[in-house]
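One structure is given below, encoded as structure tokens.
Residue numbers (this note's numbering): 56 to 593.
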């Protein structure tokens, strides 16, 4: 019997819930969460579908308000030194894991050391690299973890020292990489600490069930410091990779929230379920990367320019997707914090499309390609109807240039493995900002770092490299004057975009469907909506 049916049966019987140990009137949120989590370890997670679950059962020093802003969480307060490099956090009294084990400043010292330990292989450890010596420890250059800029002043006081003043540091701490992990479990069961039966919670919910390929279930953590204000008793995070099937389940009342929906159903949703489909701008970019390391044609900036300027971005959001995504010509999303100034807009974007195509044809001819001598490129994308629509449309836009496109799709993990390995010519990618700061997208284009006899390119899939760009990012990383810092980052963005380091296509919008039964769901630029802020009525 499905869990939803069992809950209904228990409620009809007026009995005590056997599943949750709470009253039969307990409130259940059924969330269409997208894909299957590959992990629930915050040091090893990588997707927003994992973040939605982890953010309900683990909480860090700070967390997101319903509006997305950083607010106190396990740290009830903090102070910052005059030079902006030392943060001193005061932990809430009595906080503990759900098994009763105390959470202290030493918990955070252990957790951050584990994050940067090369053996952990934390993909997103670099998000916390503002912390002193963290990058050197992560690379193996420093092996003495005592040199990490994190120390316990006393059991309730944590001090974090940064390499330099970092305006976005509190926002960075809302990312799951900065959250605590339970040393007492990891020391005994290792990576199995996230298995049901082992896993403990520091947040408003506790994980109690995981049915692979189907759902994960959490229940309210009654020992959470703000439990009295948590209104949802149980959360079921459903695997809803099939967006059409998920929408059908929502229409049938089986799901309360969808975190995505088929783009071709947007108009139907507006017409038939007015106000329930919420499409809002948020901090993210959809783009194509071009392999500038192993593809000879794409090493030529003329080819990269031709491919970019010939894309008619204006039709993608309203016509191909149907959900109004805005065309992107730069690399930093509009509205990004600490980035005053105009959004990057190249002069060619204002030319009539016919002139842009003519220029692209000329550039390709200069590079030696034409209809008589076409350039064949494989375009990779991860399996998804929307990605396919965009790829087909762009392939048609490139055809007049003498470019023959071979489309290739794979499931998401295989696709990104290929990008990371450099096994592609042109590939689809997307980036949602982990925190609101321009560095979080510009870092995607930094040169690779020598490591283990090779180069670690990280998320710079196209292997773009420019010394002046790298130098500006390095200067901005230590610049205390926010105005000067923004100027440096704008200069870096212009360099990369003028060299067509990658092809920005559109700025993301969040696409949620919210039942009228749900309140407390606030649109925000990060598209983060923790369950603790939600209520549900029948």
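All C-beta atoms in this analysis are idealised placements derived from N, C-alpha and C, irrespective of residue type, glycine included.
Within 10 Å of its beta-carbon, does residue i have 16 or more other beta-carbons around it, so buried, or fewer, so exposed?
i, result
"residue 87", "buried"
"residue 276", "buried"
"residue 322", "exposed"
"residue 95", "buried"
"residue 347", "buried"
"residue 126", "exposed"
"residue 400", "exposed"
"residue 235", "buried"
"residue 325", "exposed"
"residue 601", "Because the chain spans 56 through 593 in this model, residue 601 falls outside it and cannot be assessed."
"residue 431", "exposed"
"residue 388", "buried"
"residue 584", "buried"
"residue 205", "buried"
What residue does the beta strand (DSSP E) around residue i start on, and which one ends it?
i, result
"residue 430", "430–437"
"residue 463", "458–465"
"residue 321", "Note, residue 321: premise wrong, no beta strand (DSSP E); alpha helix (DSSP H) at 321–327."
"residue 566", "558–569"
"residue 145", "141–146"
"residue 127", "125–127"
"residue 248", "That residue, residue 248, is in no beta strand (DSSP E); it is neither H nor E in DSSP."
"residue 230", "Taken as a continuous stretch (DSSP letters only), residue 230 belongs to no beta strand (DSSP E), as it is neither H nor E."
Could you give the DSSP three-state label for residue i: helix, strand or coil?
i, result
"residue 171", "helix"
"residue 178", "coil"
"residue 538", "helix"
"residue 112", "helix"
"residue 595", "The question about residue 595 has no answer, for the chain in this structure spans 56 to 593."
"residue 494", "helix"
"residue 276", "coil"
"residue 524", "helix"
"residue 584", "coil"
"residue 207", "strand"
"residue 470", "helix"
"residue 337", "strand"
"residue 384", "coil"
"residue 221", "coil"
"residue 483", "strand"
"residue 364", "helix"
"residue 313", "strand"
"residue 271", "strand"
Just the Cα atoms here: how many angstroms apart are residue i and residue j?
i, j, result
"residue 552", "residue 196", "33 Å"
"residue 305", "residue 337", "24 Å"
"residue 119", "residue 424", "51 Å"
"residue 241", "residue 130", "23 Å"
"residue 542", "residue 496", "16 Å"
"residue 180", "residue 190", "9 Å"
"residue 298", "residue 420", "42 Å"
"residue 556", "residue 501", "10 Å"
"residue 575", "residue 589", "5 Å"
"residue 592", "residue 257", "27 Å"
"residue 446", "residue 365", "14 Å"
"residue 468", "residue 133", "39 Å"
"residue 172", "residue 100", "16 Å"
"residue 239", "residue 115", "17 Å"
"residue 455", "residue 550", "28 Å"
"residue 151", "residue 320", "45 Å"
"residue 334", "residue 580", "11 Å"
"residue 349", "residue 384", "25 Å"
Which residues does DSSP list as the beta-bridge partners of residue i?
i, result
"residue 509", "506"
"residue 152", "Answer is none; residue 152 lacks a bridge partner."
"residue 265", "271"
Could you check where the alpha helix (DSSP H) with residue i kicks off and where it finishes?
i, result
"residue 443", "440–453"
"residue 243", "238–244"
"residue 408", "408–421"
"residue 191", "189–194"
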